[in-house]
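Asks: Take this structure, written in structure tokens, and hold onto it; I'll ask about it next.
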Amino acid sequence: MFVAPQFLWATGAAVVPLLLHLLSKRKTVRIYFSTLRFLKLAQKQSSRRIRLENFLLWLLRTLLILTIAFAFAMPTIKSAVRGSLFTGSARDVAIVWDESFSMGYESSRANVWEESRLAILDLLVKKDKQDIALEKGDRASLIIAGEEPFALIAKPSAELDKIATLVKNRRPGRGGSSLQPAILKAIESLRESGTREKELIIVTDGQAVPWNRLGLVPGGSATNAAAKGAAGKTAVTNAPAASKDWPPPELLDKQIPVYLALVGVAAPENAAPVQVDVYPALLRSDIPGQVWVRVVASGPARDSSVVLYVDDKEVGRQNIKLGNNRIEETAIALPPQSVGTHFARIETPRDGLPLDDTFHFLLRVKEKFRVLSVGTPQDLFFLDRALNPGGRTASLETRSVTSDGLLLEKLDDFSAVFLCNCVPLPGQALLQLERYVRDGGLLIVIPGDRGQPADYANIISLPAKPVKVVDFATKEQRKTLRLVKPRDPIFSSLKLQSGAVPAIAIQRALRCEPVDKLTEVLVSADADLPFLYSRNFGRGRVLLLTVSADRAWSTLPLSALFLPLMHQMVLAGAGQGEPPLSTWISRDLELGPFLSEAPEGTSLLGPDRATLPLRRFINNGVTTLHVENLGEPGIYRLAKPGAETRPLLAVNVPRAESDLAMLKPDEIRGRLGLPDAYIVQGKDDLAKVVKEHRVGNPLAEHCLWLAFLLALFEWGLSNRINRKTASLTSRMLVEASGRVHAHT
Numbered sequence: 020m021f022v023a024p025q026f027l028w029a030t031g032a033a034v035v036p037l038l039l040h041l042l043s044k045r046k047t048v049r050i051y052f053s054t055l056r057f058l059k060l061a062q063k064q065s066s067r068r069i070r071l072e073n074f075l076l077w078l079l080r081t082l083l084i085l086t087i088a089f090a091f092a093m094p095t096i097k098s099a100v101r102g103s104l105f106t107g108s109a110r111d112v113a114i115v116w117d118e119s120f121s122m123g124y125e126s127s128r129a130n131v132w133e134e135s136r137l138a139i140l141d142l143l144v145k146k147d148k149q150d151i152a153l154e155k156g157d158r159a160s161l162i163i164a165g166e167e168p169f170a171l172i173a174k175p176s177a178e179l180d181k182i183a184t185l186v187k188n189r190r191p192g193r194g195g196s197s198l199q200p201a202i203l204k205a206i207e208s209l210r211e212s213g214t215r216e217k218e219l220i221i222v223t224d225g226q227a228v229p230w231n232r233l234g235l236v237p238g239g240s241a242t243n244a245a246a247k248g249a250a251g252k253t254a255v256t257n258a259p260a261a262s263k264d265w266p267p268p269e270l271l272d273k274q275i276p277v278y279l280a281l282v283g284v285a286a287p288e289n290a291a292p293v294q295v296d297v298y299p300a301l302l303r304s305d306i307p308g309q310v311w312v313r314v315v316a317s318g319p320a321r322d323s324s325v326v327l328y329v330d331d332k333e334v335g336r337q338n339i340k341l342g343n344n345r346i347e348e349t350a351i352a353l354p355p356q357s358v359g360t361h362f363a364r365i366e367t368p369r370d371g372l373p374l375d376d377t378f379h380f381l382l383r384v385k386e387k388f389r390v391l392s393v394g395t396p397q398d399l400f401f402l403d404r405a406l407n408p409g410g411r412t413a414s415l416e417t418r419s420v421t422s423d424g425l426l427l428e429k430l431d432d433f434s435a436v437f438l439c440n441c442v443p444l445p446g447q448a449l450l451q452l453e454r455y456v457r458d459g460g461l462l463i464v465i466p467g468d469r470g471q472p473a474d475y476a477n478i479i480s481l482p483a484k485p486v487k488v489v490d491f492a493t494k495e496q497r498k499t500l501r502l503v504k505p506r507d508p509i510f511s512s513l514k515l516q517s518g519a520v521p522a523i524a525i526q527r528a529l530r531c532e533p534v535d536k537l538t539e540v541l542v543s544a545d546a547d548l549p550f551l552y553s554r555n556f557g558r559g560r561v562l563l564l565t566v567s568a569d570r571a572w573s574t575l576p577l578s579a580l581f582l583p584l585m586h587q588m589v590l591a592g593a594g595q596g597e598p599p600l601s602t603w604i605s606r607d608l609e610l611g612p613f614l615s616e617a618p619e620g621t622s623l624l625g626p627d628r629a630t631l632p633l634r635r636f637i638n639n640g641v642t643t644l645h646v647e648n649l650g651e652p653g654i655y656r657l658a659k660p661g662a663e664t665r666p667l668l669a670v671n672v673p674r675a676e677s678d679l680a681m682l683k684p685d686e687i688r689g690r691l692g693l694p695d696a697y698i699v700q701g702k703d704d705l706a707k708v709v710k711e712h713r714v715g716n717p718l719a720e721h722c723l724w725l726a727f728l729l730a731l732f733e734w735g736l737s738n739r740i741n742r743k744t745a746s747l748t749s750r751m752l753v754e755a756s757g758r759v760h761a762h763t
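In structure tokens form, the structure reads like this:
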């Protein structure tokens, strides 16, 4: 087909060389000879050669004029598989638009979202005859790739102006993106296109995060990397497993060509706080704390800083060195705060992606922690004095009961419960302890001589199963303690007296076997004896010491480690069941971890002062509170009728999108599994490659090169003919008598 067929009229000029050859007169020389026999022979040979040379010259000149005319007419070769060889057919286009908040990146060189919008509008709105916009009768569907795919136009529609209006009014999202389900939804929208030409166009920024999920399906057997949430809570989820159904057959069979436009900059710079932990987890009003911050950075190495604000006041600042695509950690000192709930935030300097420069969280400060110790006075002698040194109860409020009095206590009032040499326990007490741990409590189990290893089997939440009690010989009793998990919150601020050595004498200890993969050894005595086990159970935590709290089993109660260890287990571990420091934006959030009950009329006030009602859902007789459309990052306050508002939720955008590491086109082809996909940088290259595919493979440049070669050949042949070394008469030898001889 020809893009500019109006130039084909110029092919009529091909008759000009023929006319010139026909009208040209041959010059003749008249010579009188006595005989014409040799002359007629030479004339016959010369005429034959001249006719051949003239024919070649005419052919070359005609081809030269035709080739130049064809070049201006822009001939193209169009695949008959995707339309007629000479004319285009009606077309259905499915557009996938990445809406993740990384698409909101701005710099002096690019506005990623605006460039993506213009790229899609170029596909929909026709400005002139030469652009790539859809023609009358063509249709388009538009799929938004967010956390879940959302179809703005589910089926191909010919109302292109309406689709363009939706594109103009769209804004980047506040979450991540998942490209695979969006691509599958786009392919599904083309199922009923019939014989129409089909195209799939994906507009994204080339960020690696959504491509890491491509070709995967949820529900795999492998476990994903632990996704750290606020307050050090670890949410372990199932990792996706490889999908056998990717790529879809329509893409593998090349029934649908795939175009992918990578908009924005190739190497963006960004820094964002992705995780915040507070130590101790339960803050007291009379002691300082620490805020640990993890920052992810994209771009070149540079100096930066993180700033801590509490109640809109700056209370700490720390300088950090950011590396290229690295995660940096730092700690900021937190001054003592008053009793109550305080709203806080971590900020990094403003960059091209301001939405993730701030991390909001809440600080809940208490005056005292209540601790319940269960055991006889003899078993609790050293423990009570460690929790209340000198009889002071400024930091902890302790209560001691025997195992018989455990059933009379309301365990929810205590931050931690110690079981000190008090097994076996009645079944009702075990159920009460199990519920307490599931709801977020901290249980510390300390063995003794009263119970046998088999008596611990009924404690379901125990991190390890006691097998036997081991007695050590005198020469084996000295053990050096080693922190196996030094980053555990229990040890974040653990301090020993100057000169103290973490070594004790152990005469007797429990030998245990881990219950499951959730069991961790926090402290070991030398390399062969676990000293402190830990296990998360429900929303709570259970700790198990392998020595007793008296001098009968070890010298631990007399060591400098005993007092700070007991305090740290309470202070750090007691925050296990506290509400998370923050949460993520969500369409529907259950408020169980944050709010157990609320009177009628209770609502939430968002950062923009918008009111969000609380909704109650009843499932199997259990009532739960929910709030919908948490779409703005910031602090949400609980508004009760007749009461002042108080901070309840700190909401942030998900931080996976903060990693702006980009993939190269070849890497994306590998993730897609489509080596023939058209992957381009920017909207201009997208317009070019789409136009080439729709119109065909242009041959104008090839025609011009062919014309150049023909012109060279014609010039060479013409010069050769004009520079003949001998004429007809010069090749004949004529004597004075008139006798003619031919040269040999």
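To get my numbering, take the position in the sequence shown, counting from 1, and add 19.
Beta carbons: idealized from backbone N, C-alpha and C, even for Gly.
1) Below 8 Å, how does it come out for the region 523–532 and the region 486–498: are there three or more Cβ pairs, yes or no?
2) Under 8 Å, do A448 and D375 count as touching if we go by C-beta distance?
3) Which value, in whole angstroms, describes the spacing of the CA atoms of A435 and D547?
4) Taking only three categories from DSSP, how would you classify A32?
5) Between which two residues does the beta strand (DSSP E) containing F550 stretch?
6) Quick check on P779: does DSSP put it in helix, strand or coil?
7) Thinking C-beta only, is N440 closer than 8 Å to P466?
8) Let's test the definition: count the other Cβ atoms within 10 Å of the Cβ of V486 and tell me whether it reaches 16, buried, or not, exposed.
9) What is the DSSP secondary structure of E733, reduced to helix, strand or coil?
10) Just mark K498 as buried or exposed, buried being the case when its beta carbon has 16 or more other beta carbons within 10 Å.
11) Measuring alpha carbon to alpha carbon, tell me which of N130, S622, P299 and L430 ends up nearest R665.
12) Going by beta carbon distance, what residues of the same chain come within less than 7 Å of N555, once the five residues before and after it are set aside?
13) For P237, which of helix, strand or coil comes out of DSSP?
14) Go to A350, then tell me how far its beta strand (DSSP E) extends in each direction, as first and last residue.
15) Identify, in the order they occur along the chain, each residue of the same chain with its Cβ nearer than 6 Å to the Cβ of L723, setting aside the five sequence neighbours on each side.
16) What residues are listed by DSSP as bridge partners for H361?
17) Since I believe P175 is in contact with L198 (beta carbons under 8 Å), could you give me their beta-carbon distance rounded to a whole number of angstroms?
18) So, for P694: in the same chain, excluding its five sequence neighbours on each side, which residues have a beta-carbon less than 7 Å away from its beta-carbon?
19) How is T602 classed by DSSP in three states: helix, strand or coil?
20) What residue ranges within the region 626–704 form continuous alpha helix (DSSP H) runs of no fewer than 4 residues, ordered along the chain?
21) Terminal residues of the continuous alpha helix (DSSP H) containing W311?
22) What does G335 pair with, by DSSP beta-bridge criteria?
23) Using CA coordinates, which residue listed in R336, R189 and R158 is at the minimum distance from E211?
24) Under the rule that 16 or more other beta-carbon atoms within 10 Å means buried, what is D403, buried or exposed?
25) Excluding the 5 residues flanking L83 on each side, which residues of the same chain have their C-beta closer than 8 Å to its C-beta?
26) Using only the alpha-carbon positions, how far apart do V329 and L600 sit?
27) On the DSSP bridge list, what partners appear for Q226?
28) Would you kindly work out how many angstroms separate the C-alpha atoms of R674 and R389, rounded to a whole number?
29) When DSSP builds the beta bridges, which residues end up paired with D607?
30) Could you give the residue range of the alpha helix (DSSP H) that holds D111?
31) Three-state secondary structure (DSSP) at T377?
32) For the structure I just gave you, are there three or more beta carbon pairs, one from the region 645–660 and one from the region 158–172, closer than 8 Å?
33) Indicate the three-state DSSP secondary structure (helix, strand or coil) for L39 in the structure shown.
34) Can you give me the C-alpha to C-alpha distance between S317 and G283, rounded to a whole angstrom?
35) Tell me S622's beta-bridge partners as DSSP assigns them.
36) Specify the secondary structure class of T574 as computed by DSSP and reduced to three states.
Replies: Judging by the given coordinates:
1) yes
2) no
3) Taking the straight line joining both Cα atoms gives about 29 Å.
4) helix
5) L548 to F556
6) Residue 779 lies beyond the stretch modelled for the chain, which goes from 20 to 763, so this question has no answer here.
7) With contacts defined as CB atoms closer than 8 Å, P466 and N440 qualify as a contacting pair.
8) exposed
9) helix
10) buried
11) S622
12) L537
13) With a pLDDT of only 41 at P237, under the threshold of 50, the placement of this residue in the model should not be trusted, and no figure is reported.
14) R345 to L353
15) A90
16) Under DSSP, H361 forms a beta bridge with L382.
17) About 20 Å separates the beta carbons of L198 and P175, which is beyond the 8 Å limit, so they are not a contact pair.
18) R688
19) strand
20) Taken in chain order, the whole alpha helix (DSSP H) runs of length 4 or more contained in the region 626–704 are 684–691.
21) Run containing W311: none in the alpha helix (DSSP H); it sits in the beta strand (DSSP E), G308 to S317.
22) L327
23) Check the Cα spacing between E211 and each of R336, R189 and R158: the tightest is with R158.
24) That one is buried.
25) A726, L729, A730 and E733
26) 13 Å
27) M681
28) In a straight line, the C-alpha of R674 is about 35 Å away from that of R389.
29) E647
30) Premise fails: D111 lies in the beta strand (DSSP E), R110 to D117, not in any alpha helix (DSSP H).
31) strand
32) no
33) helix
34) 15 Å
35) Answer is P632 and A658, bridged to S622.
36) coil
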